[in-house]
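Q: Take this structure, written in structure tokens, and hold onto it; I'll ask about it next.
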Amino acid sequence: MDRFELVKRNTEELVSEEEIREICTRYVSGTEFQLGSEYTLNMLKLSRTTTRARRSMDEVSRDAENPYVSQMIYPLMQAVDIAMLKVDVAVGGIDQRKIHMLARDTLPSIGFKNNPILELFKYHIEPRYGKLIIERPEKFGGDIKYENYTALENDFAEKKIHPQDLKTSAAEHLINIFKPVRETMKETTQ
């Protein structure tokens with residue numbers, strides 16, 4: 113059994129089917145989409161528009177002085193993975209930060225235009241909580257309440273909400289959404 117299958121099996125044993133559905137988890141193997149022509153075309157498009165992969169490459173390179181071409185391509189592959197999987201939030205260690213920033217900065221140049229934080233509100237937070245509240249310190253105008261997602265999106269487009277306020281609010285909501293999963297995993301590991 114390969115590592116992917118082992119992680120998938122262990123997660124399914126630790127987390128109930130209901131919890132998996134709640135967090136909309138679906139396991140996808142890279143070979144399900146990375147071998148197709150659309151993926152290859154997106155890789156080529158991204159490689160043509162990207163000039164800053166070197167910094168991201170340094171994150172995956174063991175020998176920065178004598179890098180392999182594959183080490184230059186790998187950050188681009190990760191960026192295209194994020195787009196092709198329609199990932200709401202890319203989670204990774206601090207070593208992945210530059211790669212995620214590369215994806216954020218370059219994917220719009222090849223037609224992938226989205227804001228993952230707004231998508232979290234649209235597809236995960238607003239359906240669960242209904243009214244949306246963006247908590248902010250009084251010195252920055254205090255909390256903002258929204259009756260629906262569209263009002264939030266419009267205010268963000270008009271720059272009435274600072275991106276950091278949106279991120280902080282999304283993080284707090286995600287903490288609450290994932291709380292049952294964390295509790296189950298904590299109980300299981302004890």
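If you want the working numbering, it's the 1-based position in the sequence shown plus 112.
Beta carbons: idealized from backbone N, C-alpha and C, even for Gly.
A quick note: this is a predicted structure, and the numbers were derived from the prediction, not measured.
(1) Less than 8 Å between the beta carbons of V140 and L197, yes or no?
(2) I need the straight-line Cα distance from G254 to M213, nearest angstrom please.
(3) If you draw a straight line from the C-alpha of L244 to the C-alpha of V119, how long is it?
(4) Straight-line CA distance for D267 to I273?
(5) Going by C-alpha to C-alpha distance, which of N260, V201, Q190 sits closest to K279?
(6) Work out the CA separation of I222 and A263 for me, nearest whole Å.
(7) Rounded to the nearest angstrom, what separates G204 and Y258 at their Cα positions?
(8) Hey, is I206's beta-carbon within less than 8 Å of any beta-carbon in chain C?
(9) Note down, in chain order, each residue of its chain lying with its Cβ closer than 7 Å to the Cβ of T218, except the 5 sequence neighbours on either side.
(10) Between the beta-carbon of I211 and the beta-carbon of P187, is there less than 8 Å?
(11) Write down the C-beta distance between H236 and I289 rounded to the nearest angstrom, noting that I regard them as a contact closer than 8 Å.
(12) To the nearest whole angstrom, what separates the beta carbons of D277 and I229, a pair I think is in contact under 8 Å?
(13) Which residue comes first and which comes last in the alpha helix (DSSP H) that contains Y241?
(14) Return the CA-CA distance between E150 and F252, expressed in angstroms with no decimal places.
(15) Closest to G242 by CA distance: which of N260, K225, N227 is it?
(16) At what residue ranges does the region 248 to 299 contain a whole run of the alpha helix (DSSP H), taking only runs of 4 or more?
(17) Quick one: grab the DSSP three-state call for L219.
A: The short version:
(1) yes
(2) 29 Å
(3) 35 Å
(4) 6 Å
(5) V201
(6) 28 Å
(7) 31 Å
(8) Within the model displayed, chain C is absent; a lone protein chain is all it includes.
(9) L158, T161, T162, A191
(10) yes
(11) 7 Å
(12) Not confirmed; about 10 Å, so no contact.
(13) 238 to 241
(14) 44 Å
(15) N260
(16) 261 to 269
(17) helix
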